[in-house]
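Inspection log for the structure reproduced underneath, given as structure tokens.
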Amino acid sequence: GNSVTQMEGPVTLSEEAFLTINCTYTATGYPSLFWYVQYPGEGLQLLLKATKADDKGSNKGFEATYRKETTSFHLEKGSVQVSDSAVYFCARGRSNYKLTFGKGTLLTVNP
Amino acid sequence: DAMVIQNPRYQVTQFGKPVTLSCSQTLNHNVMYWYQQKSSQAPKLLFHYYDKDFNNEADTPDNFQSRRPNTSFCFLDIRSPGLGDAAMYLCATSRFRGHYTEAFFGQGTRLTVV
Chain A
436 GNSVTQMEGP
446 VTLSEEAFLT
456 INCTYTATGY
466 PSLFWYVQYP
476 GEGLQLLLKA
486 TKADDKGSNK
496 GFEATYRKET
506 TSFHLEKGSV
516 QVSDSAVYFC
526 ARGRSNYKLT
536 FGKGTLLTVN
546 P
Chain B
58 DAMVIQNPRY
68 QVTQFGKPVT
78 LSCSQTLNHN
88 VMYWYQQKSS
98 QAPKLLFHYY
108 DKDFNNEADT
118 PDNFQSRRPN
128 TSFCFLDIRS
138 PGLGDAAMYL
148 CATSRFRGHY
158 TEAFFGQGTR
168 LTVV
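Same order as they appear, the protein sequences are chains A and B. Using this note's numbering, you'd call the opening residue of the first sequence number 436 and step up by one each time. Using this note's numbering, you'd call the opening residue of the second sequence number 58 and step up by one each time.
Take a look at the structure:
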């Protein structure tokens, strides 16, 4: 089937720590992949995206690489800040123009 | 700036009293979506419009309806809100031209049912 599995949280880190949030997908073909971020009480914001194998999406110090061989799109950041505290959703686009979301990972960064 | 705007940000309604949430976009996107998001959960797609074509998800209750009078506006109508309908409602848009591009979300409307 078409699904997205992401690392369950919550994840708690200290400021300047390294972040990885794992995301894997099942799909036929080559779906577009996305990371969205949701701050408390807000809608979802697109953080980064990749549309084909080996593409690297990056934004605000976050990166994710589209790995076809492992069907993964893990989110990484070298040095997190308190302001990065939010819920992160991995998602894949489907050919019928719908998004399939992972369950979300709550990240808390402490000073 | 082009964007997706939802009004109101917070809506309180009485149990059983019809309520309408609104969404407008300046992106000129052809697809508009309504999602329901409950606490600590992923957004759940209720329905979407591809241009004027309405597409309902199989598990969306009949209590939820939608209207899209033109490209820019889309409304979510809840005919008889129950306590279980309290949630964040998210509107999103995307431009689909043969392949999927990213969805742009509004700020959401937090619905409380009393």
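Even glycine gets a Cβ: it sits at the ideal position worked out from N, Cα and C.
- Its chain contains P100, K101, A144, M145, Y146, L147 and G165 as the residues whose beta carbon lies nearer than 8 Å to that of B:Q94, once the 5 sequence neighbours on both sides are disregarded; these appear in chain order.
- Around B:N85, the same chain offers T128 as residues with beta carbons nearer than 7 Å, after the five sequence neighbours per side are excluded.
- DSSP, reduced to helix, strand and coil, places B:V69 within a strand of the structure shown.
- Around the beta carbon of A:A521, 16 or more other beta carbons lie within 10 angstroms, which makes this residue buried.
- In this structure, the CA atom of A:K503 is about 32 Å from the CA atom of A:V517.
- In this chain, the beta strand (DSSP E) harbouring B:V61 covers V61 to N64.
- A:L481 and A:F497 do not touch by the CB rule: their CB atoms are close to 11 Å apart, not below 8 Å.
- Using a Cβ-Cβ cut-off of 9 Å, A:L448 does not count as an interface residue toward chain B, since no Cβ of chain B sits closer than that to its own.
- Among the CB atoms of chain B, one or more fall inside 9 Å of the CB of A:K484.
- For B:I62, the closest of B:F72, B:V69 and B:Y90 by C-alpha to C-alpha distance is B:Y90.
- For A:D519, the secondary structure class from DSSP, reduced to helix, strand or coil, is helix.
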